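Just so you know, the protein sequences line up as chains A and B, in that order. Just so you know, we're using our numbering here: the first sequence kicks off at 350 and counts up by one. Just so you know, we're using our numbering here: the second sequence kicks off at 350 and counts up by one. A short write-up of the structure that comes next.
2 protein chains.
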Amino acid sequence: MDYPQESFVATTFAPNSFWARRREVVRIQTLQHQLHMLKETGRYEAFKLKWHPSYSVPPTVYPIPNHQFWDSDVAKWIEGACYLLMDQFDLEIDAAVKELVQMIRGAQKPDGYLNIHYSVVEPGKRFTNLRDMHELYNAGHLIEAALAHHLLYKNDELLSPILKYVDLLAATFGTQEDQIPGYPGHPEVELALLRLYKVSRNPAHLQLAQFFIEERGNPKGGKGECHYFDAEAKARGESEHDLPMYFPAARSYWYQQAHVPIVDQETIEGHSVRAMYLLTAVADLVRICQPNSKTGIKFLPAVHRLWSNMVEKKSYVTGGIGAMKKWEGFGIDYFLPQGTDEGGCYAETCAAIGVMMLAERLLQIELDSHYADIMELCLYNAVLTGMSLDGKAFTYVNQLASSDQDISERHEWFECACCPPNVTRTLGFLGGYLWSHTIKDQTAVVNVHLYSSATLSLKVSSSTVNITQKTDWPWNGDVDFDVHTDGPPVGLELQLRIPGWATSWKVTPSPDKLYVRNGYMFLSSEWLQENSHFRLSCPMQPQVVRPNPLTLQPVAYVRRGPIVYCVEDVDHPWESNHFKVKQPMFMQK
Amino acid sequence: MDYPQESFVATTFAPNSFWARRREVVRIQTLQHQLHMLKETGRYEAFKLKWHPSYSVPPTVYPIPNHQFWDSDVAKWIEGACYLLMDQFDLEIDAAVKELVQMIRGAQKPDGYLNIHYSVVEPGKRFTNLRDMHELYNAGHLIEAALAHHLLYKNDELLSPILKYVDLLAATFGTQEDQIPGYPGHPEVELALLRLYKVSRNPAHLQLAQFFIEERGNPKGGKGECHYFDAEAKARGESEHDLPMYFPAARSYWYQQAHVPIVDQETIEGHSVRAMYLLTAVADLVRICQPNSKTGIKFLPAVHRLWSNMVEKKSYVTGGIGAMKKWEGFGIDYFLPQGTDEGGCYAETCAAIGVMMLAERLLQIELDSHYADIMELCLYNAVLTGMSLDGKAFTYVNQLASSDQDISERHEWFECACCPPNVTRTLGFLGGYLWSHTIKDQTAVVNVHLYSSATLSLKVSSSTVNITQKTDWPWNGDVDFDVHTDGPPVGLELQLRIPGWATSWKVTPSPDKLYVRNGYMFLSSEWLQENSHFRLSCPMQPQVVRPNPLTLQPVAYVRRGPIVYCVEDVDHPWESNHFKVKQPMFMQK
Numbered sequence: 350m351d352y353p354q355e356s357f358v359a360t361t362f363a364p365n366s367f368w369a370r371r372r373e374v375v376r377i378q379t380l381q382h383q384l385h386m387l388k389e390t391g392r393y394e395a396f397k398l399k400w401h402p403s404y405s406v407p408p409t410v411y412p413i414p415n416h417q418f419w420d421s422d423v424a425k426w427i428e429g430a431c432y433l434l435m436d437q438f439d440l441e442i443d444a445a446v447k448e449l450v451q452m453i454r455g456a457q458k459p460d461g462y463l464n465i466h467y468s469v470v471e472p473g474k475r476f477t478n479l480r481d482m483h484e485l486y487n488a489g490h491l492i493e494a495a496l497a498h499h500l501l502y503k504n505d506e507l508l509s510p511i512l513k514y515v516d517l518l519a520a521t522f523g524t525q526e527d528q529i530p531g532y533p534g535h536p537e538v539e540l541a542l543l544r545l546y547k548v549s550r551n552p553a554h555l556q557l558a559q560f561f562i563e564e565r566g567n568p569k570g571g572k573g574e575c576h577y578f579d580a581e582a583k584a585r586g587e588s589e590h591d592l593p594m595y596f597p598a599a600r601s602y603w604y605q606q607a608h609v610p611i612v613d614q615e616t617i618e619g620h621s622v623r624a625m626y627l628l629t630a631v632a633d634l635v636r637i638c639q640p641n642s643k644t645g646i647k648f649l650p651a652v653h654r655l656w657s658n659m660v661e662k663k664s665y666v667t668g669g670i671g672a673m674k675k676w677e678g679f680g681i682d683y684f685l686p687q688g689t690d691e692g693g694c695y696a697e698t699c700a701a702i703g704v705m706m707l708a709e710r711l712l713q714i715e716l717d718s719h720y721a722d723i724m725e726l727c728l729y730n731a732v733l734t735g736m737s738l739d740g741k742a743f744t745y746v747n748q749l750a751s752s753d754q755d756i757s758e759r760h761e762w763f764e765c766a767c768c769p770p771n772v773t774r775t776l777g778f779l780g781g782y783l784w785s786h787t788i789k790d791q792t793a794v795v796n797v798h799l800y801s802s803a804t805l806s807l808k809v810s811s812s813t814v815n816i817t818q819k820t821d822w823p824w825n826g827d828v829d830f831d832v833h834t835d836g837p838p839v840g841l842e843l844q845l846r847i848p849g850w851a852t853s854w855k856v857t858p859s860p861d862k863l864y865v866r867n868g869y870m871f872l873s874s875e876w877l878q879e880n881s882h883f884r885l886s887c888p889m890q891p892q893v894v895r896p897n898p899l900t901l902q903p904v905a906y907v908r909r910g911p912i913v914y915c916v917e918d919v920d921h922p923w924e925s926n927h928f929k930v931k932q933p934m935f936m937q938k
Numbered sequence: 350m351d352y353p354q355e356s357f358v359a360t361t362f363a364p365n366s367f368w369a370r371r372r373e374v375v376r377i378q379t380l381q382h383q384l385h386m387l388k389e390t391g392r393y394e395a396f397k398l399k400w401h402p403s404y405s406v407p408p409t410v411y412p413i414p415n416h417q418f419w420d421s422d423v424a425k426w427i428e429g430a431c432y433l434l435m436d437q438f439d440l441e442i443d444a445a446v447k448e449l450v451q452m453i454r455g456a457q458k459p460d461g462y463l464n465i466h467y468s469v470v471e472p473g474k475r476f477t478n479l480r481d482m483h484e485l486y487n488a489g490h491l492i493e494a495a496l497a498h499h500l501l502y503k504n505d506e507l508l509s510p511i512l513k514y515v516d517l518l519a520a521t522f523g524t525q526e527d528q529i530p531g532y533p534g535h536p537e538v539e540l541a542l543l544r545l546y547k548v549s550r551n552p553a554h555l556q557l558a559q560f561f562i563e564e565r566g567n568p569k570g571g572k573g574e575c576h577y578f579d580a581e582a583k584a585r586g587e588s589e590h591d592l593p594m595y596f597p598a599a600r601s602y603w604y605q606q607a608h609v610p611i612v613d614q615e616t617i618e619g620h621s622v623r624a625m626y627l628l629t630a631v632a633d634l635v636r637i638c639q640p641n642s643k644t645g646i647k648f649l650p651a652v653h654r655l656w657s658n659m660v661e662k663k664s665y666v667t668g669g670i671g672a673m674k675k676w677e678g679f680g681i682d683y684f685l686p687q688g689t690d691e692g693g694c695y696a697e698t699c700a701a702i703g704v705m706m707l708a709e710r711l712l713q714i715e716l717d718s719h720y721a722d723i724m725e726l727c728l729y730n731a732v733l734t735g736m737s738l739d740g741k742a743f744t745y746v747n748q749l750a751s752s753d754q755d756i757s758e759r760h761e762w763f764e765c766a767c768c769p770p771n772v773t774r775t776l777g778f779l780g781g782y783l784w785s786h787t788i789k790d791q792t793a794v795v796n797v798h799l800y801s802s803a804t805l806s807l808k809v810s811s812s813t814v815n816i817t818q819k820t821d822w823p824w825n826g827d828v829d830f831d832v833h834t835d836g837p838p839v840g841l842e843l844q845l846r847i848p849g850w851a852t853s854w855k856v857t858p859s860p861d862k863l864y865v866r867n868g869y870m871f872l873s874s875e876w877l878q879e880n881s882h883f884r885l886s887c888p889m890q891p892q893v894v895r896p897n898p899l900t901l902q903p904v905a906y907v908r909r910g911p912i913v914y915c916v917e918d919v920d921h922p923w924e925s926n927h928f929k930v931k932q933p934m935f936m937q938k
């Protein structure tokens, strides 16, 4: 089992390749810009635990204080910075990472607790509102930052305080009498704990993640044998009608995917980012325990069921998810308007990043190009769109149609700034999404999911296998492969994804027999020995694509290769929306 | 100025005419059935102010107790019964009306207060929650019941206690130091007070209605110079996030059309029945004060603006209004799905009844067939549909497309039973919608809005003018008119509505000159003296009608004359929705 956040180190993008250029912008421009925003907004120094004026500002999204994500904003930036510093060292970024790490260390309580809001604004209230507050979500991102930091610096400066915090969490949450039987409203710590477990091999990390996942939605899990969120709200003295802004009705726990246990969830509901982070963690749990284990057999069907409901009935043509602005998430089946003026189109950048995460995990459980197709669709059309060419402006919402009332535009930063650093870290470890591999004895099996000019270098016994792609993807569908081994010969098998959008494809020189399974073409060790240079051609034909008729969207899209094109008005004055007519037809006389 | 609830007495429907038969069903079946339901559910005896088990049941629609509309359910039934008893006396119905009146009289407090909930369930809490509770709404329906009762029985048995209650309301609400500066969350009392004023001529009744209308939405009206609903909620000790089920967010006062003063409202928003009842009252206020008065000039533009927004952008092809189930009301412009499985279609029966009320008022302010077209559209396609042929089953929601998840069907009764008795009373005074008239000296001007076999008898000085329509409307567009006067000749002018859907029309014998203004054809006194028999022909051609393309609804309707037809599946097994396809097109490989 592997994580793209680790495996990406084996990938080197060719200079001037499409992604090398994007990542260069992120490394040189975005990291600096976001560091500047962190400093300007007070986030950078927040771990010094001094009072900040914005702590007194009432919540934009009741009941969540605006500063409550600050821990994660900083953590995600650190994580992205650590990935990108591996390409090339940057003195200023390196210094900022180190200073932030020292501030984080200094913010930790003697018992290991580590959170800005509950240290400065509401001391003494820690772990009293897991439903709405992002305490454990922040903890998860701190864990991911620590893992990235450890990967780059090979020291425990950040990892050791985080491990201490995790020890506190493991002691605090669980089923024992003196423990809190709760779980986070916003999943993230689960997938982070499972990543941590792979490095730490500490069973407590696996157990805590598994507890959070299995306890979620338990109708009788809280003390007093009720839903934990009810028990917690009662303890806070809240009326059930004291509704968070994103609750359409009392106890709308489907918003947090906590209305019923995960295994009983029939359709994908609620906040789309939470759903993706949760299911990614569940898929990881399945991978760790093995799909055919008791845990695997229990959870995998739910993951497949919810994935299918999402992809077939609740996804936009771009791969984006989430039509409902109120809860930043899923509407009813096939409710997928183009813009907010038509009832909603949210498609949050973080949600598409989550779809990529989940697709990548499912690919490792079962190699099927369907998952890679969605992963590629999201990457080019719902994630890459989240950042401007200069790397200094970002989208939060990615509606398909801009409208008078709600013009699509990118912003330097957001009050809730989850998306910008999420794009940064995703592009930071992008190499890990291109291919996955397994090494058995003398043989490496490499599955190629995405195409871009890049080289994968794998140590196989005493040799190094280098697989190089050369291509103008996403503009051209020809990919030239070069395979060579430094050192004594070893086995290598390749499985190349045939894109779902490809109307035709071929490999030259052409193998006598073509083995294609689940959308991947198999190239044997023998054939590769004779053909170290070969070309995969997937001609990119322009295609007109339509959404499912049940979406009642009378629109068509032009798509070529992995890219869905957006047709803009040639002259764009918003006040004259030339598609509109004056009178409803049935009113005409 | 006239009210259809009074003018209908001058109309007699021809036996076996379309509407005579519908009204016969209501008189014989519906009144009995609804009386039975009132008794079975506890409503009938509720004014005895004894405890009823259902008073302990938690609200279906928080925070409104289910029994809270009981006063109005009884009042609306009394009102309808009184109208229909004028056609033909019915011993049992008459006895029930009289018993109910005695119970209502007995329920009145010494100071005049009259309300079931606040007398039995929450004594001492009267007038503390005008925003959510239906105290003043109930008062309004009691006033309307008293007026109908007075019209039939010519006594004050019900009117005098109601007048005493109104005196209490007039003393309680207003701008003086010792008064409550509030107004009802659900309008109704305003239009009832204005109807009462026409009979009582008591300025206090006009003033109270005008206060409720002008104060509504005042940002600094409450004691403490804040919005009254805020002041009230604060006094109740409520958190602003303690949300009524129909509030999508804190302080969603647009639900009650109280987000800003009426004159500042640009678009029609919120609960559709409340909007119609409110605007009907505003139109009545304009009529009473005259359109060109200070008050008329202040309010009429808002009524026209909100009417246009509704009819052009927020109405269904049937005339029904309200797409959003959560707040039983309006969505954004052009958001008009066919069914709940497509995101919503509410079109409550009471709302369409409200559209008819408002259209009728606007017709009296400005004779324009546009208003009568909408009135006719609603009557046949959004109100008549609210009751089954046998008069014993009703709709609350009138979605255009029935769906697996939410099958369109009629019910015997509802927990919140506003619609069934509303249809009863509407058909009770239907004659008042057919035509309006003014009498000046020796001349009567009669405007014919709707066509049906019926006779209008008007006293003009010492004579009686009889205008008779003979037609198979809505099945056939030929209408034979017969005009004759008993007594010395008097003047009569007719203005006949030319339906907007009519692709052609003619009058035979044909006048030399045709005067058509605002969709009404003028027939002079002279011409009528020579042509006491004539025919209006509006051939009913089947038409295919489409909703505005901006609704994104790829549907078409067949319409003939005033009726929009509903095309049902020939074979109706809900589980096999044969319009559905398996996979979204963009997922197909």
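Idealized CB from N, CA, C, for every residue including glycine. Predicted model, so just to flag it, every value in this text is computed and none were measured.
- When CB distances to chain B are screened at a threshold of 7 angstroms, the residues of the region 881–907 of chain A falling below it are Val-894, Arg-895, Pro-896, Asn-897, Pro-898, Leu-899, Leu-901, Gln-902, Pro-903, in chain order.
- Of all alpha-carbon atoms in A:Leu-496, A:Ala-519, A:Pro-459, A:Arg-370, the one lying nearest the alpha-carbon of Leu-485 of chain A is that of A:Ala-519.
- In terms of beta-carbon proximity, Phe-561 of chain A stays away from the interface with chain B, with every pair separated by 8 angstroms or more.
- Distance from Ala-696 of chain B to Val-772 of chain B at the Cβ level is roughly 14 angstroms; contact not present, criterion being Cβ atoms closer than 8 angstroms.
- Contact annotation, Trp-426 of chain A with Leu-384 of chain A: C-beta distance approximately 7 angstroms; criterion of less than 8 angstroms satisfied.
- Judged by DSSP in its simplified three-state form, Ser-366 of chain A adopts coil rather than helix or strand.
- At a Cβ-Cβ threshold of 8 angstroms, Glu-764 of chain A and Thr-409 of chain A count as neighbours.
- Per the DSSP secondary-structure output, His-576 of chain A pairs with nothing in a beta bridge.
- Close CB contacts of Cys-727 of chain A within its chain, under the 7 angstroms cut and outside five residues either way in sequence, are with Gly-668, Ala-701, Val-704, Met-705 (chain order).
- Contact annotation: Leu-496 of chain B and Val-548 of chain B have beta-carbon atoms nearer than 8 angstroms.
- Here DSSP, grouped into helix, strand and coil, assigns Leu-463 of chain A to coil.
- Along the region 355–417 of chain A, the beta strand (DSSP E) occurs as fully enclosed runs of 3 or more residues at 360–362, listed in sequence order.
- Among the CB atoms of chain B, one or more fall inside 8 angstroms of the CB of Tyr-411 of chain A.
- Ala-672 of chain A sits in coil when the DSSP states are folded into three classes, being neither helix nor strand.
- For a Cβ distance threshold of 7 angstroms, residue set His-590, Leu-592 of chain B lies close to Leu-592 of chain A, ordered along the chain.
- Judged by DSSP secondary structure, Gly-531 of chain B falls outside any beta strand (DSSP E); it is assigned neither H nor E.
- Inside the region 811–856 of chain B, DSSP marks whole beta strand (DSSP E) runs of 3 or more residues at positions 812–820, 827–835, 840–846, from first to last along the chain.
- In the three-state scheme derived from DSSP, where H, G and I count as helix and E and B as strand, Asn-796 of chain A is classed as strand.
- Between the region 747–764 of chain A and the region 776–795 of chain A there are fewer than three inter-stretch CB-CB distances shorter than 8 angstroms, so the stretches are not counted as touching.
- Asp-821 of chain B is not a Cβ neighbour of Val-374 of chain B, given a cutoff of 8 angstroms.
- In the three-state scheme derived from DSSP, where H, G and I count as helix and E and B as strand, Leu-555 of chain B is classed as helix.
- In this structure, B:Gly-571 is the residue among B:Cys-768, B:Arg-895, B:Gly-429, B:Gly-571 with its C-alpha nearest to the C-alpha of Arg-480 of chain B.
- Note that the C-beta distance between Tyr-729 of chain A and Pro-848 of chain A is not below 8 angstroms.
- Here the alpha carbon of Ser-859 of chain B sits roughly 26 angstroms from the alpha carbon of Leu-712 of chain B.
- In the structure shown, Lys-583 of chain B falls within a helical segment according to DSSP collapsed to helix, strand and coil.
- Secondary structure note for Pro-891 of chain B: its beta strand (DSSP E) is the uninterrupted segment 891–894.
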